[in-house]
Structure formats: structure tokens, C-alpha cells
Amino acid sequence: MSDSSPDNTPNGVSRTLLAEASGADSAIPQNIRSLMNFLRTFVPFKQMDDGPLATLLEKSSIEFFPADAPIIGPEDGAPEKFYIVKQGYIVGERDSYRHANELPTFDIGPGACFPVAALLGERPTRTLHKAQEDTFCITCSKEHFSRMLAVCPVFRDFCLRGVSSLLDQVNRQIQAQAQSTLGEDYSLNTPLSQFIERQAVHCEPTLSIRKAVRIMDERGVGSMVVTDANRKPIGIFTLRDLRRFIADPGADLDAPISSRMNADPISLSPDATAFEAALIMAKHHFAHVLIAENDKLLGVVSERDLFSLQRVNLVHIARTLANAPSVDALAALQSDVARLAETMIAHGASAEQLNHIVTLLNDYSTHQVIQLIIKEQGDPGVPFSWITFGSAGRREQTLLTDQDNGIIFELEDSRLWESARQRLLPLASRINAALDQCGFTLCKGNIMAGNPKLCLSAQEWEQRFNGFIDAATPQNVLNSCIFFDLRTQWGDATLASRMFAPIRRRIQQHTLFQRMLATAALEHRPPLGLFKGFVTRKEHGLEGVDLKKQGLTPFVDAARVLSLAHGVEASNTIYRLRQLSEANVLETRDARAWEEAFDFIQLLRLRHHLHCKREGKKLTNLVAPNALNDLDQRILKEACRQAQRLQRKLAWSYQL
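Just so you know, we're using my numbering here: the sequence shown kicks off at 103 and counts up by one.
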């Protein structure tokens with residue numbers, strides 16, 4: 103322990119922990135034990151063993167800072183101390199953002215530490231840290247901080263990776279909690295190499311079907327991979343193929359297996375994840391995916407391998423939704439999607455993966471609804487595509503979603519547009535009603551295909567979108583934020599993409615419209631209060647942080663503006679951030695931080711929806727901050743700070 107005299111500084115009063123120590127022969131003095139118990143309620147200290155934590159505190163002091171006192175700032179040079187807030191609150195400000203309408207860079211409370219990045223980089227901090235109220239900090243020298251990095255892996259991981267290490271802890275906790283219920287013992291992030299337990303069963307294309315089936319039976323497998331002389335997979339024959347084969351009156355068991363195999367099977371490398379395999383199975387209704395490396399067969403992974411212990415699995419749900427015989431049957435299947443989401447969490451799925459899964463299953467429901475309604479009402483006689491906007495257009499749907507959709511059709515003769523619309527509108531309205539029955543609630547703003555204004559020819563859509571740009575009124579800017587996140591959900595996908603391509607090019611050249619989009623994007627501020635805590639909202643008798651409007655929307659809106667301005671074609675927010683990074687519009691480190699923050703808020707939202715379902719409550723995006731555990735609160739606050747940083751980047755880009 104330190105035996106130096108108390109250190110009095112201009113900004114605060116320091117008191118060494120040794121001065122409080124009682125019993126020099128005690129293994130861990132009482133005052134240090136008390137501080138250890140305090141730090142045990144915060145990460146990363148709760149993960150540290152007693153030895154390293156006591157070592158950290160033995161060389162530390164308690165320092166007092168009165169309200170409004172500066173603690174450390176850019177003008178102080180490279181920091182000489184590491185600080186942990188013991189009592190009180192710290193606010194951070196940056197010179198370039200200090201004006202009346204701007205919130206502090208951050209505010210941190212007990213258990214938080216600073217200035218880690220500046221200490222690691224041996225550079226001045228970019229932020230002025232001030233005491234918001236009378237505050238006590240545990241402090242130690244930069245030399246002792248460096249020693250702790252060397253001797254304590256937990257502390258080093260936290261300091262080097264920051265929020266990423268906290269997110270890992272959250273994900274482990276979520277996964278462990280879900281696994282305790284579902285009993286799974288592996289992750290969807292598991293590489294496929296771990297599923298290769300035995301030599302893949304394969305044969306040459308000339309082998310007879312009779313012999314191939316006999317081998318499959320003897321080996322107890324559900325598929326036979328057909329390979330060439332170099333063991334390159336060229337086809338696959340499964341039990342499902344066998345059932346169809348047997349049902350054929352002209353089936354010849356002595357025919358070569360190549361005559362009945364599925365040619366060009368999809369292969370993944372052994373480094374690919376179980377999630378990638380599951381997604382391919384769900385998209386294509388496959389029961390098997392090959393594992394190959396350098397065009398050589400290594401193994402086969404089946405849906406049973408991926409989901410053997412689940413009551414409900416992804417491939418089964420996708421296949422069932424895609425073949426549901428009625429709208430009533432589709433509606434009854436939607437509860438399986440929620441159970442699947444919990445299962446995916448148990449497998450370690452990220453929010454990005456869960457969004458893609460939920461969106462994929464919602465697409466299957468929509469596809470089947472359209473097919474069933476066309477069968478019910480008859481073909482309208484006008485080829486059309488069903489397009490979707492907003493979160494569905496971005497593939498970011500959760501369990502709480504309404505409809506944002508439209509119809510696009512292509513007829514060269516404009517005189518036929520109105521008659522085509524009148525044939526399509528009754529069908530569209532019936533589809534909207536059926537989707538509502540399946541849990542996709544009707545849009546309160548009537549952004550639905552049954553609205554005549556949203557059942558348009560490709561030329562009319564282009565005219566409408568150009569109108570948003572030409573007359574950039576507040577309503578048109580708001581419409582742009584909804585409609586410019588679009589994709590085809592059913593029908594010819596090229597129709598919408600061809601229509602939107604010139605719109606995207608025009609936005610790139612229209613800086614004034616970009617600026618108006620950026621201004622609108624700054625209206626949804628992250629829910630951080632000026633002094634501590636969160637800014638909450640009230641809705642239907644509930645009060646909390648709106649994870650969608652206050653948490654996710656700042657990321658979604660900023661990423662959309664930057665993507666449209668720089669020709670990025672992706673509509674998904676995380677993909678947009680990645681492509682903006684690849685285009686050097688965003689720094690890689692910043693883009694990664696914003697991606698992690700967005701993913702955490704989305705995962706928190708999904709978990710909240712699942713909790714509401716389990717409790718039989720109405721699904722809502724409002725979460726009471728005090729209902730979250732300390733770790734979730736801390737990361738949510740940091741995620742909101744990252745949203746502030748992204749908005750500042752946007753404001754700086756357009757001088758707003």
C-alpha cells in the first residue's frame with residue numbers, strides 16, 4: 103500500500119487509502135475490503151479476483167472534487183492518473199460541442215472510470231471532465247494503471263475493448279439464462295468444422311439408386327453426396343428425394359443416382375457458422391448443407407444437427423409457413439416465431455441475426471398470404487410486385503411490427519394505369535386484412551398497398567419520389583425517411599430496383615435535399631438527460647425509454663442520410679455502416695462502435711418484447727430504465743452516447 107503523504111491538488115483533496123488502514127498485519131485492510139465490496143457491483147471489477155482487485159486499491163487514493171470543479175481536460179496534457187467514480191457524478195464536454203442546444207458528451211456515475219483511452223494512447227484527453235456535484239474518486243498513478251494492465255487479463259480486456267467486453271458479458275448472461283430453460287449446449291456462432299464428426303457418405307454419379315439407398319440405410323444417414331473423381335460435390339440425394347422417387351410409377355431403382363440427384367448443391371467452408379447454414383436451409387427449404395474446402399467434400403450438416411434438441415426449429419417453421427393451407431393456419435404459427443427467437447438467443451444469436459431471421463419468417467408469411475388471397479380472389483390480370491418500407495424494408499423487424507407496404511406494376515401505356523389499379527386495390531386490401539390477422543397490424547398512417555396512393559406503376563412511383571426531392575416540405579422529408587428504405591417482398595425484385603436507381607443517383611447530386619434529410623435525422627435525440635439518468639416518455643399509461651424512437655432511430659436516420667449521399671445501396675442499418683466504413687466515409691473504429699451500440703439496443707428491444715409475451719402483456723418499445731440491471735443500464739447509456747456521436751458526425755458533415 104502507498105505510504106506517501108496526502109496529495110493536495112488545486113481541483114480536489116486527496117487522501118491515501120493507507121491513512122485509513124487498520125491492522126498492518128491484516129491480509130486485506132478493512133478499508134480496502136470495503137472498497138472491494140463497493141467495486142464488486144460494477145464491471146469489470148466484479149469479474150476480477152480478490153488479489154488483483156486488492157492490488158489495484160492498495161496503490162490508490164481517495165480524491166474529492168467539489169461541484170463544478172474541473173478534473174482533467176485537453177489542456178492538462180497526457181493524463182497522470184486513472185480515476186474510478188466512488189460517489190457523485192462526472193460530466194464530459196468537448197469544446198466543439200459546447201453550445202446551448204448540445205448535451206454533454208457524457209455523464210458518468212459510481213463505478214465508471216476515465217480517461218482510459220487517453221491513458222492507453224499516452225495522449226491528452228479530448229474531453230473536459232468536470233464534477234457535476236460533490237464527487238469522490240478512487241485514483242491511482244498511470245504507472246500503477248499500466249502494471250494492472252500487465253497482471254490482470256480481465257482489467258486489460260475491459261480497458262482495451264471497452265463496450266465490446268461489456269457486450270460479451272451481456273450476451274453470455276442472456277445465453278446462459280435462455281439455455282437454463284432450453285437446455286442447448288452450443289452456439290449458432292459455432293464453426294461448421296465442429297459438426298464434422300465422421301467421414302461424409304458420398305458416391306460416384308454412376309452408382310445406382312438402389313445401391314445408394316442401401317448404403318444410406320447401412321450408415322444411418324439421410325443424404326448421399328455425389329462427387330466427381332476429385333471428391334468435388336456435384337449433387338446430393340436425400341430421403342425427401344427418395345420419397346418423391348418412390349411415388350413415381352416409372353421409378354427405376356437401377357438408374358444412376360445422377361439422374362435423380364439435386365445438382366450443384368450449396369457448400370459452405372468449415373469456418374462458416376451454424377447460423378449461416380441455418381439461414382441457407384430456411385431460405386431454400388434444404389434439410390442439408392455441405393461442408394467443403396478447396397472444392398473437396400469434408401462433411402454434411404443437417405437441420406437435425408443444428409436443432410436436434412429444440413421443440414421448434416428454424417427450417418421447420420420456414421417450411422411450415424411457406425406451405426400453410428390457410429390464413430388461419432398462418433396466424434396460429436406466429437407464436438412459434440417468438441419461441442424460436444428465444445431459442446436463437448440461447449444459441450448466442452446477435453440482434454442482427456435475429457432481425458434477419460424474424461424478417462425472413464415474416465417474408466414467408468407475407469408470400470403465403472399473397473398466394474392464398476390470389477387463389478381466393480383470382481388473378482387480377484396485372485403482374486405486380488409487393489414492396490415493403492421502413493423496418494421491413496431494412497430487414498430489421500422484431501416481434502412488434504406494423505405494415506408499411508405498397509404495390510408496384512409496370513405498364514407502358516399510361517392510359518391503362520387507373521384500370522390496373524382498380525383491379526389490384528381489392529386484392530391489396532384483402533391482403534392487408536389477412537396480414538393484420540397474422541399479427542402484422544394495420545398501419546395507422548395508412549401506408550399500405552390498399553391505399554390508392556401506394557398502388558402505383560413504376561413511373562408513378564418515380565414521379566412521387568422525385569416530388570419528395572423537388573418539394574422538400576417537412577411532410578415529404580418525413581415520407582422520404584419511410585419510403586426510401588424499400589425492398590421487394592414478393593414478385594419481380596428488379597422492378598423496384600430499376601425504379602429507385604435514378605432516384606438514388608439524383609439524391610447524390612442534390613446536397614440541399616441531403617441537408618434537409620440530415621436536419622430531420624437530428625430531431626430524434628437519444629434519451630440522455632442533461633443531468634444523470636434518461637429522458638423518458640409516457641405512452642398508454644407506461645413510462646420509459648422508447649427503444650425504437652429514442653434508441654434506434656438516431657442510428658437508422660443518420661445511416662440512411664450518409665448512405666443516400668454516398669451511393670451506398672444497402673438498406674439495412676448495420677450493412678450501411680459497414681459499407682460507409684469500406685468507402686472511407688466513416689472511420690472503421692467509429693463504424694464498429696456504432697454497429698455494436700445499435701445491435702445492443704435492438705437486442706434489448708427483442709428481449710423486452712419476449713418478456714412482454716411471457717408475461718401476457720401488450721408489446722411495447724417502452725422500457726423503464728430502473729427495471730434494467732446495472733450492466734444493461736450502463737451499456738444502454740453508452741449506446742445512447744454513441745448515437746449522440748453519430749449525430750454530431752452528421753451535423754458536422756452538413757454544418758448544422
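The beta carbon of each residue, even a glycine, is placed where N, CA and C say it ideally should be.
Around the beta-carbon of E395, fewer than 16 other beta-carbon atoms lie within 10 Å, marking it exposed. With respect to the 8 angstroms criterion, Q436 and M446 are not classified as neighbours on the basis of their beta carbons.
For S665, the uninterrupted alpha helix (DSSP H) run begins and ends at T655 to A667, by DSSP. In the DSSP assignment, the residues bridged to A394 are L399. In this structure the stretch 180-190 touches the stretch 232-243; the number of beta carbon pairs closer than 8 angstroms is three or more. Judged by their CB atoms, I419 and L463 are nearer to each other than the 8 angstroms cut-off. Taking C-alpha positions only, L597 is separated from H668 by approximately 23 angstroms. If you draw a straight line from the Cα of G322 to the Cα of A349, it comes to about 22 angstroms.
The beta-carbon separation of V328 and I338, rounded to 7 angstroms, stays under the 8 angstroms limit for a contact. F216 places its beta carbon less than 8 angstroms from that of H231. Residue environment analysis places H386 among the exposed positions, since fewer than 16 neighbouring C-beta atoms fall within 10 angstroms of its C-beta.
A Cβ-Cβ separation of about 12 angstroms leaves R525 out of contact with P554 under the 8 angstroms criterion. Pairing F702 with R691, the inter-Cα distance amounts to about 17 angstroms.
Taken through DSSP and simplified to helix, strand or coil, I549 comes out as coil. Look at L588 here: in three-state DSSP terms it is strand. Taking C-beta atoms under 8 angstroms as the contact rule, T461 and H711 fail to qualify, at a distance of about 14 angstroms. Contact between A214 and D170 does not hold, since their C-beta atoms are separated by about 19 angstroms, which reaches or exceeds 8 angstroms. The C-alpha of Q757 lies about 33 angstroms from the C-alpha of T490. Here F238 carries a strand assignment [DSSP, helix/strand/coil]. With a threshold of 16 other beta carbon atoms within 10 Å, N686 falls short and is exposed. Every alpha helix (DSSP H) stretch that sits fully inside the stretch 673-740 and reaches 4 residues is listed by chain position as 675-684 and 690-716. In the DSSP assignment, no residue is bridged to T143. By the Cβ neighbour-count rule, A603 is exposed, with fewer than 16 other Cβ atoms within 10 Å of its own. Annotation: A536 to R750 spans about 43 angstroms, alpha carbon to alpha carbon. Considering only L432, T340 and A426, the residue with the shortest C-alpha distance to L392 is T340. With respect to the 8 angstroms criterion, A302 and L399 are classified as neighbours on the basis of their beta carbons. Spanning the alpha carbons of A365 and D343 requires a straight line of approximately 12 angstroms. Annotation: I382 to Q561 spans about 35 angstroms, alpha carbon to alpha carbon. F166 carries a strand assignment under DSSP once its states are collapsed to helix, strand and coil. Comparing alpha carbon positions, the residue from E512, G646 and L682 closest to R600 is E512. Within the same chain, and ignoring the five residues on either side of E224 in sequence, the residues whose Cβ sits closer than 8 angstroms to its Cβ are A180.
Membership of P154 in the alpha helix (DSSP H) is indicated by the continuous run D152 to E160. Boundaries cannot be given for N332, as no alpha helix (DSSP H) includes it and DSSP labels it neither H nor E. In the three-state reduction of the DSSP assignment, L527 falls in the helix class, which pools H, G and I.
By the Cβ neighbour-count rule, L614 is exposed, with fewer than 16 other Cβ atoms within 10 Å of its own. A straight line joining the alpha-carbon of Q189 with that of E195 spans about 20 angstroms.
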